[in-house]
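Notes follow the structure.
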Amino acid sequence: MLKIKELKLKKIECKEDLIEAIKNYKKKSLVETSPIFFDTETTGLNIKYDTPFLLPWGFVCKDVAYIYCVDIDEDEHLFKQTAQAIIELAKTSALVGHNIKFDLHMLNNVEVITPDDIYYRDTMILIRLAHDALTPENGGPPLGLKEYASKYIDRNAKDNERLVKEERKNIAKEYNKALKDTLYKVDRKWTIRYLTDYFKDVLHSVDTLDDKTREAYLTWYVDIPEQIRNNMTLGHVESDNIPYNLLDRATVTEYAMYDIVWTMEIFYQCTKAIEARGNQIGLEREECMIPALVRMEACGFQIDEDYVREVTKELAAYLKQQRSALYHLIGEHISVGAHAKIKDILINKYDLDVPGTGKEDLNRIYDELKVTQPGSDVVRFIGLVQELRTLEKWYSTYLLRFIREIDLGHKRIYTQINQVGTVSGRVTSDFQQFPKYGVNKEDGSPLFHPRKMIVKSDGFKGIAYLDYSQVELRLQALYTILVGEPDLNLCRAYMPYQCYHIVNDGSIGCDLYQYHFEEFDYKNKDHVTHSYDWDWYLKEDTTKKWTPTDVHAATTSVAFPDIPTDSDEFKKLRGKVGKRVNFAKNYGAQFNRIKVMFPDYDDETIHRIDDAYYKAFPGVKKYHEYCNEIVHMQPYVANLFGVRYYGLSGHKLINCLVQGSGAYLLKERIKEVDEYIQSNKLKSRMQMQIHDEISYEIYPGEEQHVKEFQRIMQKFEDSYVPIVADLEFTETNWADKYECEEI
Numbered sequence: 001m002l003k004i005k006e007l008k009l010k011k012i013e014c015k016e017d018l019i020e021a022i023k024n025y026k027k028k029s030l031v032e033t034s035p036i037f038f039d040t041e042t043t044g045l046n047i048k049y050d051t052p053f054l055l056p057w058g059f060v061c062k063d064v065a066y067i068y069c070v071d072i073d074e075d076e077h078l079f080k081q082t083a084q085a086i087i088e089l090a091k092t093s094a095l096v097g098h099n100i101k102f103d104l105h106m107l108n109n110v111e112v113i114t115p116d117d118i119y120y121r122d123t124m125i126l127i128r129l130a131h132d133a134l135t136p137e138n139g140g141p142p143l144g145l146k147e148y149a150s151k152y153i154d155r156n157a158k159d160n161e162r163l164v165k166e167e168r169k170n171i172a173k174e175y176n177k178a179l180k181d182t183l184y185k186v187d188r189k190w191t192i193r194y195l196t197d198y199f200k201d202v203l204h205s206v207d208t209l210d211d212k213t214r215e216a217y218l219t220w221y222v223d224i225p226e227q228i229r230n231n232m233t234l235g236h237v238e239s240d241n242i243p244y245n246l247l248d249r250a251t252v253t254e255y256a257m258y259d260i261v262w263t264m265e266i267f268y269q270c271t272k273a274i275e276a277r278g279n280q281i282g283l284e285r286e287e288c289m290i291p292a293l294v295r296m297e298a299c300g301f302q303i304d305e306d307y308v309r310e311v312t313k314e315l316a317a318y319l320k321q322q323r324s325a326l327y328h329l330i331g332e333h334i335s336v337g338a339h340a341k342i343k344d345i346l347i348n349k350y351d352l353d354v355p356g357t358g359k360e361d362l363n364r365i366y367d368e369l370k371v372t373q374p375g376s377d378v379v380r381f382i383g384l385v386q387e388l389r390t391l392e393k394w395y396s397t398y399l400l401r402f403i404r405e406i407d408l409g410h411k412r413i414y415t416q417i418n419q420v421g422t423v424s425g426r427v428t429s430d431f432q433q434f435p436k437y438g439v440n441k442e443d444g445s446p447l448f449h450p451r452k453m454i455v456k457s458d459g460f461k462g463i464a465y466l467d468y469s470q471v472e473l474r475l476q477a478l479y480t481i482l483v484g485e486p487d488l489n490l491c492r493a494y495m496p497y498q499c500y501h502i503v504n505d506g507s508i509g510c511d512l513y514q515y516h517f518e519e520f521d522y523k524n525k526d527h528v529t530h531s532y533d534w535d536w537y538l539k540e541d542t543t544k545k546w547t548p549t550d551v552h553a554a555t556t557s558v559a560f561p562d563i564p565t566d567s568d569e570f571k572k573l574r575g576k577v578g579k580r581v582n583f584a585k586n587y588g589a590q591f592n593r594i595k596v597m598f599p600d601y602d603d604e605t606i607h608r609i610d611d612a613y614y615k616a617f618p619g620v621k622k623y624h625e626y627c628n629e630i631v632h633m634q635p636y637v638a639n640l641f642g643v644r645y646y647g648l649s650g651h652k653l654i655n656c657l658v659q660g661s662g663a664y665l666l667k668e669r670i671k672e673v674d675e676y677i678q679s680n681k682l683k684s685r686m687q688m689q690i691h692d693e694i695s696y697e698i699y700p701g702e703e704q705h706v707k708e709f710q711r712i713m714q715k716f717e718d719s720y721v722p723i724v725a726d727l728e729f730t731e732t733n734w735a736d737k738y739e740c741e742e743i
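What the sequence shown shows, in my numbering, is residues 1 to 743, in sequence order.
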């Protein structure tokens, strides 16, 4: 049922209009207090370099929505006054937006400061917590504003968007027709489709066109508005390249004001659902960290321009060399993304039947053939395909992207953190996939390390990294305790479970002392705190000191009991089998999945590998059984931070509880570290969260605060298992970071 029955839309065109809108809100608030809903229409999507041009906002009283809009191009001062006004009004209620962090960046970019003492609410968070913990592919809700509104609120929610899309499409069509006519005079092959295919090749650009074609192309290109040119990647104009500020302003204004309507409807609908589901704790935990995430996103990363330009040339030359090698090997040019063609070559040229040509399949085949057919053409073929796939992706995703930023005059790059990017609550961003290792040429010489592109910022001492050590496995150990069957191997990997330490009770005589053994108690905070700096001895053999269990070796030794644990074969199996199985089983993998992972083993061996995990960690099996039972007993299960997950199968819950608890642990600590930085007025700053790691830019003279950052991150008072954040540091670039105890 719709909340809004009537709309009252008005443009703010003068100061008197703004005063009237403010008075109207205050008057209506005496009847019903409403949050302030707002949005920004912007020149683009870069959180630092783009700016807003429209500011639609509004509120609801009873079933009437009052919606206003101000245009920065008509009156910049009035635009800023309006932004400041809605911030002040929101201090008595809340400020609501869809992906609100982006809109806060936009206001900050026009010098409208968004303070911390406002209750910020994001309808993306509301959508996630109001629904079952399912992805859209599995029946869960889409997070997009229009997508959600058209599915759950009004099937006509995209009507205004269609007008905007149509205009963008027509503008692009006009530019592309002119391009086609220009190039057609040079060579009739230059259709837009041909041009698109040409520019899809990562090594192609305007500079690689022949002289006549390039001259004709540039004649057309210089007449394209700069904003559109900066967005182009495929040689022609796509509709998504057209910024909204270049569209008919009346159409965009109406479109923007209706976005406020859908934000209002989502807010009221999802808020009621969250209240009914008792998931307010999750909502509070997400929304209170919005200011901290805004500051992290605004920090960004400094780019090493010289390295980026140098390695771009070197990698382009190497890609050409390896493509040439592939051509000479098979006698034809192929795209390494052409899976059907590659499969055909493997079958018909190399007589090799393969289930697929994805990364995992080819890696498995490659590892086998390197042993059985070393130096063969098929090994060379698969190696070249895999190498080119990786390097072409890195070349396009990182180097070309950063080159575009540099060419636009940008020395820093920025990304957005999606705090509800997964159903568990784990955050996502494009930096999550940043490669950890570099690559070498075939001769072993260094070629490209993506992390070398990210360097310490000018004026800062360096970058510190605090990385949670195996946090999800630690939380898995904690869950075995909570379900009543502490797992010996897993608990001993992270604490001296069922171990003793020697206690001195004081002197009896001049030279005699009273000693006794005290058993480790995970409920004793002193024991947990001193897990690693006291001497602990195994309960079953007090002559042996406790050393942390190697969890991957534990599984491997059960799966392959006849292979000596100190042999090279065992070490290989530890990584190839033990480690992969442990992570797969932690994510709920069953026998059939394990069989797919290891197609070279027979069923008997697969059963042994699958069983090895539960034999090595029987407490984890008890946790898995708990997950499969609890979903049939109640409609939701809460993680360690009280956030509820609805609609999950036991199989999905196994991973979601552990991963979600880890996600909210990190979110809580980000908020606390941010509060520490703000309260101490530090110039050091959090830079980015990447998986279980946070990077910090450290200002000279503030090195001692890193220990406090580490203490905060390791704090988890409700945990029986020690949480550890390892420290690394670099004074140069991300790739050169090294482990250290302190800076």
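Cβ atoms here follow ideal geometry from the backbone N, Cα and C, with glycine treated the same way.
Values in this document were obtained by computation on a predicted structure and should not be read as measured data.
Shown here, serine 567 sits in coil according to DSSP, grouped into three states, outside any helix or strand. Between asparagine 628 and glycine 588, the alpha-carbon positions lie close to 10 Å from each other. Across the set Ala133, Met257 and Lys165, the C-alpha of Lys165 shows the shortest separation from the C-alpha of aspartate 240. Distance from the Cα of proline 225 is smallest, within the candidate group Lys539, Ala172 and Lys185, for Ala172. Threonine 82: member of the alpha helix (DSSP H) spanning 76-90, first to last residue. DSSP places cysteine 288 in the coil class of the three-state scheme, outside both helix and strand. Per DSSP, reduced to three states, the secondary structure at histidine 328 is helical. Here alanine 340 is exposed, its C-beta having fewer than 16 other C-beta atoms within 10 Å. The stretch 168-185 and the stretch 683-699 do not touch, with fewer than 3 CB-CB distances between them shorter than 8 Å.
In this structure, phenylalanine 301 places its C-beta atom within 8 Å of the C-beta atom of isoleucine 454. Look at tryptophan 262 here: in three-state DSSP terms it is helix. In this structure alanine 616 touches alanine 554 by the C-beta definition: roughly 4 Å separates them, less than 8 Å. For aspartate 541, there is no enclosing alpha helix (DSSP H); the enclosing beta strand (DSSP E) has its first and last residue at 541-545. Here leucine 234 really is in contact with lysine 200; their C-beta atoms are around 7 Å apart, less than 8 Å.
When rounded, the separation of the alpha-carbon atoms in leucine 293 and isoleucine 417 is 7 Å.
Burial check for histidine 333: the Cβ neighbour count within 10 Å stays below 16, so the residue is exposed.
For valine 503, the secondary structure class from DSSP, reduced to helix, strand or coil, is strand. Exposed is the label assigned to leucine 2, since fewer than 16 other Cβ atoms lie within 10 Å of its Cβ. Residues of the same chain with a CB within less than 7 Å of the CB of valine 354, apart from the 5 flanking positions on each side, are Lys343, Leu346, Asp361 and Ile365 in chain order.
A distance below 7 Å between beta-carbons, with the five flanking residues on each side excluded, links glutamate 387 to the following residues of its chain, in chain order: Gln322.
The alpha carbon of aspartate 726 has as its nearest neighbour, out of Tyr614, Asp467, Arg593 and Lys572, the alpha carbon of Asp467.
Between alanine 735 and arginine 451, the C-beta spacing is below 8 Å. Remark: fewer than three beta-carbon pairs, one from each stretch, lie closer than 8 Å, so the stretch 186-193 and the stretch 312-330 are not flagged as touching. Residue Tyr522 holds the alpha-carbon nearest to the alpha-carbon of tyrosine 500 among Thr480, Glu485, Pro486 and Tyr522.
In the DSSP assignment, lysine 671 is bridged to no other residue.
About 13 Å separates the CB atoms of cysteine 61 and lysine 23; that is not less than 8 Å, and the two are not in contact. Taking 8 Å as the cut-off, the Cβ atoms of isoleucine 413 and glutamine 269 do not count as close. Ranked by Cα distance from lysine 151, the first of Tyr327, Glu693 and Pro141 is Pro141.
Looking at the DSSP output, phenylalanine 37 bridges to Gly58 and Val96. Listed in chain order, the beta strand (DSSP E) runs fully inside the stretch 628-706 are 636-638, 644-646, 685-690 and 693-698, counting runs of at least 3 residues. A residue is called buried once 16 or more other Cβ atoms fall within 10 Å of its Cβ, and glutamate 215, having fewer, is exposed. With a beta-carbon spacing of about 7 Å, asparagine 99 and aspartate 122 fall inside the 8 Å limit used to define contacts. Shortest Cα-Cα distance from isoleucine 86 to any of Lys101, Pro35 and Thr42 involves Pro35. Counting only runs that start and end inside the stretch 346-422, the alpha helix (DSSP H) elements of at least 4 residues fall at 359-372, 377-394 and 401-407. Within the same chain, Cβ atoms closer than 8 Å to the Cβ of glutamine 432 are found at Ile690 and His691, the five residues on either side in sequence being excluded. Under the DSSP definition of a beta bridge, isoleucine 303 partners with Ile454.
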